[in-house]
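Participant: Quick mapping for you: the protein sequence lines, in order, are chains A and B.
For the first sequence, the working numbering begins at 1 and goes up steadily by one.
For the second sequence, the working numbering begins at 1 and goes up steadily by one.
We treat Cβ as the ideally placed atom computed from N, Cα and C, and that holds for glycine.
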Amino acid sequence: GAVVSQHPSWVICKSGTSVKIECRSLDFQATTMFWYRQFPKQSLMLMATSNEGSKATYEQGVEKDKFLINHASLTLSTLTVTSAHPEDSSFYICSARDMVHLASSYEQYFGPGTRLTVT
Amino acid sequence: SQKIEQNSEALNIQEGKTATLTCNYTNYSPAYLQWYRQDPGRGPVFLLLIRENEKEKRKERLKVTFDTTLKQSLFHITASQPADSATYLCAPSNSGYALNFGKGTSLLVTP
Chain A
1 GAVVSQHPSW VICKSGTSVK IECRSLDFQA TTMFWYRQFP KQSLMLMATS NEGSKATYEQ
61 GVEKDKFLIN HASLTLSTLT VTSAHPEDSS FYICSARDMV HLASSYEQYF GPGTRLTVT
Chain B
1 SQKIEQNSEA LNIQEGKTAT LTCNYTNYSP AYLQWYRQDP GRGPVFLLLI RENEKEKRKE
61 RLKVTFDTTL KQSLFHITAS QPADSATYLC APSNSGYALN FGKGTSLLVT P
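So this is what it looks like as structure tokens:
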């Protein structure tokens, strides 16, 4: 099946610094990737939709200047948390859809997540 | 606004029994509904998708129903095993793009 990887799996950073998280589709092309955030015992909340070669679409309440998304290729999207603060500490998960194999195009394949802790 | 509700309480059942999880949605007319499994500290894993014109879908020990009149989906795991212990998320959707998830129901299967 389709595999999505994320790197790093966890990161601790100091308040005010920036952190970049990578999301890769390993064996399929993903024109669209999604970034979610999940706080403990909460649902996954969609942050933004990342489209290859164009600007990301952010959900209401998500600051686009704080959460920079770049989707430079069909297999890689990055999320950069700029000037991170303790309240940004969360579990960040990306997902992608395989648009080539249409029989499975509704499924989303999720990465393993990145645990961000801002001290 | 759109709302997705799943059993808020954790579900504890004995091994071998059938677990039934509920997903209700409001202010929504999804064309399909997906169920995912999430283990602690991991990303969700796709389990089943059911379309609005399907009443029931099965995959091995899993069964999903979809009642668009009641705006409800039921997710059943038969002959449950301790390895089925996880959080199960439902995601009614329309566009085929981003998913909106319920909070999930935590299932614990004890030997």
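1) Judging by CA-CA distance, which residue of B:Leu89, B:Gln14, B:Asp39 and B:Glu52 is the nearest neighbour of Ile4 of chain B?
2) What is the rounded straight-line gap between the Cα of Ile13 of chain B and the Cα of Asp84 of chain B?
3) Restricting to runs no shorter than 3 residues, where is the beta strand (DSSP E) found entirely within the region 8–88 of chain B?
4) Could you give the DSSP three-state label for Glu52 of chain A: helix, strand or coil?
5) Specify the secondary structure class of Tyr40 of chain A as computed by DSSP and reduced to three states.
6) Rounded to whole angstroms, how far is the Cβ of Met33 of chain A from the Cβ of His7 of chain A, which I believe are closer than 8 Å?
7) Between which two residues does the beta strand (DSSP E) carrying Asn70 of chain A extend?
8) Please decide whether Ile93 of chain A counts as near chain B, where near means a Cβ-Cβ distance under 9 Å.
9) Any beta carbon from chain B within less than 9 Å of Phe67 of chain A's own beta carbon?
10) So is Gln42 of chain A buried or exposed if we call it buried at 16+ other beta carbons inside 10 Å?
11) Can you give me the C-alpha to C-alpha distance between Glu87 of chain A and Cys13 of chain A, rounded to a whole angstrom?
12) Could you tell me whether the Cβ atoms of Glu36 of chain B and Leu47 of chain B are closer together than 9 Å?
13) In chain order, what residues of the same chain have a beta carbon less than 7 Å from the beta carbon of Val118 of chain A, not counting five sequence neighbours either side?
14) Please identify, using Cβ separations under 7 Å, the residues of the region 41–53 of chain A that lie next to chain B, in order along the chain.
15) So Glu107 of chain A contacts chain B; which residues on that side make the cut at Cβ distance below 8 Å?
16) According to DSSP, Tyr106 of chain A sits in a beta bridge with which residue or residues?
17) By DSSP, does Pro92 of chain B sit in helix, in strand, or in coil?
18) Using the Cβ count rule (16 or more neighbours within 10 Å means buried), how would you classify Ala10 of chain B?
19) Measuring straight from C-alpha to C-alpha, what distance separates Tyr28 of chain B and Gln81 of chain B?
Facilitator: The answer reads as follows:
1) B:Leu89
2) 11 Å
3) 11–14, 19–26, 32–38, 45–51, 56–59, 62–67 and 72–77
4) coil
5) Position check: residue 40 of chain A holds Pro in this sequence, whereas Tyr was assumed. In this structure, Pro40 of chain A counts as coil in the three-state DSSP scheme.
6) The Cβ separation is near 14 Å, so there is no contact.
7) Phe67 to Ser73
8) yes
9) no
10) exposed
11) 12 Å
12) The residue you asked about is not Glu; residue 36 of chain B is Tyr in the sequence shown. Closer than 9 Å, so yes.
13) Cys13, Ser15, Ala84, His85, Pro86, Asp88 and Ser89
14) Gln42, Ser43, Leu44, Leu46 and Thr49
15) Gln34, Phe46 and Leu49
16) None; Tyr106 of chain A has no bridge partner.
17) strand
18) exposed
19) 33 Å
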